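Enquirer: Below are the structure tokens for one structure; questions will follow.
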Amino acid sequence: MQNLRACPLVEFIHRRYITFPDTRASIGRNTMEFYEIARFPGVTGCIDGTHIPIRSPGGDRAEVFRNRKGYFSINCQATGNLSGLLLGDSAHAQSRFMFTPVPEPNNIADQAYNAAQVRTRNVVERTFGQWNNASVAYK
Numbered sequence: 013m014q015n016l017r018a019c020p021l022v023e024f025i026h027r028r029y030i031t032f033p034d035t036r037a038s039i040g041r042n043t044m045e046f047y048e049i050a051r052f053p054g055v056t057g058c059i060d061g062t063h064i065p066i067r068s069p070g071g072d073r074a075e076v077f078r079n080r081k082g083y084f085s086i087n088c089q090a091t092g093n094l095s096g097l098l099l100g101d102s103a104h105a106q107s108r109f110m111f112t113p114v115p116e117p118n119n120i121a122d123q124a125y126n127a128a129q130v131r132t133r134n135v136v137e138r139t140f141g142q143w144n145n146a147s148v149a150y151k
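For the sequence shown, our numbering assigns the number 13 to the initial residue and increments by one for each residue that follows.
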């Protein structure tokens with residue numbers, strides 16, 4: 013496979029933006045910071061995906077990098093610390109460690125849950141916004 017120009021971008025993003033809590037104290041601070049966003053208890057991270065735009069890598073396999081929206085990209089998924097609950101969007105399956113929005117909230121409790129879940133999860137979506145801005149600047 014050809015050398016892809018996006019790889020230095022991923023390395024740059026990793027060095028600049030990606031850190032993980034690595035002690036009990038830092039995990040506790042992380043959980044508290046998530047709680048303070050919308051009072052969602054036990055969250056240590058969020059998960060989401062985005063397409064990072066790239067130039068066509070050319071060659072026989074270039075079309076592998078064309079996404080469903082028609083442009084070339086690398087599909088990137090990011091997660092936080094896996095020692096507790098993760099919040100994800102509706103593209104992820106609900107499980108005992110992955111909390112996703114209620115698909116069709118029909119009562120006040122479900123609506124309140126979804127509001128807190130979305131506000132808390134927005135942290136990772138803002139991060140992807142920064143990544144995508146960095147990829148535009150990198151081009």
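Virtual Cβ for every residue (Gly too), placed ideally from N, Cα, C. Predicted, not measured: the structure shown is a model, and the values here were computed from it.
Who are the Cβ neighbours of PHE109 in its own chain at under 7 angstroms, not counting the five residues just before and after it?
Expert: LEU97, LEU98
Enquirer: Starting from the C-beta of ALA128, find all residues in its chain whose C-beta is less than 7 angstroms away, skip the five residues before and the five after it, and write them out in chain order.
Expert: ALA50, ARG51, PHE52
Enquirer: From ASN118 to SER85, what does the alpha carbon distance come to, in whole angstroms?
Expert: 37 angstroms
Enquirer: Less than 7 angstroms between C-beta atoms, sequence neighbours within five positions excluded: which residues of the same chain meet that for TYR83?
Expert: Take TYR83, set aside five residues on each side of it, and the residues of its chain with a beta-carbon closer than 7 angstroms to its own are PRO65, in chain order.
Enquirer: For ASP72, is the classification buried or exposed, using 16 other Cβ atoms within 10 angstroms of its Cβ as the cut-off for buried?
Expert: exposed
Enquirer: If you reduce the DSSP assignment to three classes, tell me which class ASN118 lands in.
Expert: The three-state reading of DSSP puts ASN118 in coil, since its state is none of H, G, I, E or B.
Enquirer: From which residue to which residue does the beta strand (DSSP E) around THR43 run?
Expert: Taken as a continuous stretch (DSSP letters only), THR43 belongs to no beta strand (DSSP E), being part of the alpha helix (DSSP H) at 36-50.
Enquirer: For GLY100, count the other beta carbons within 10 Å of its own beta carbon; 16 or more makes it buried, fewer makes it exposed. Which is it?
Expert: buried
Enquirer: Is the CB-CB distance between GLY61 and GLN89 below 9 angstroms?
Expert: yes
Enquirer: Rounded to whole angstroms, what's the CA-CA distance from ALA124 to ILE39? Just pull it up for me.
Expert: 26 angstroms
Enquirer: Hey, how far is the Cα of PRO115 from the Cα of ARG80?
Expert: 24 angstroms
Enquirer: Please check the pair PRO113 and VAL130, which I expect to be a contact at CB under 8 angstroms, by giving their CB distance rounded to whole angstroms.
Expert: A Cβ-Cβ separation of about 7 angstroms places PRO113 in contact with VAL130 under the 8 angstroms criterion.
Enquirer: Span of the beta strand (DSSP E) holding GLY57?
Expert: 55-58
Enquirer: According to DSSP, which residues form a beta bridge with ARG78?
Expert: DSSP lists PHE84 as partners of ARG78.
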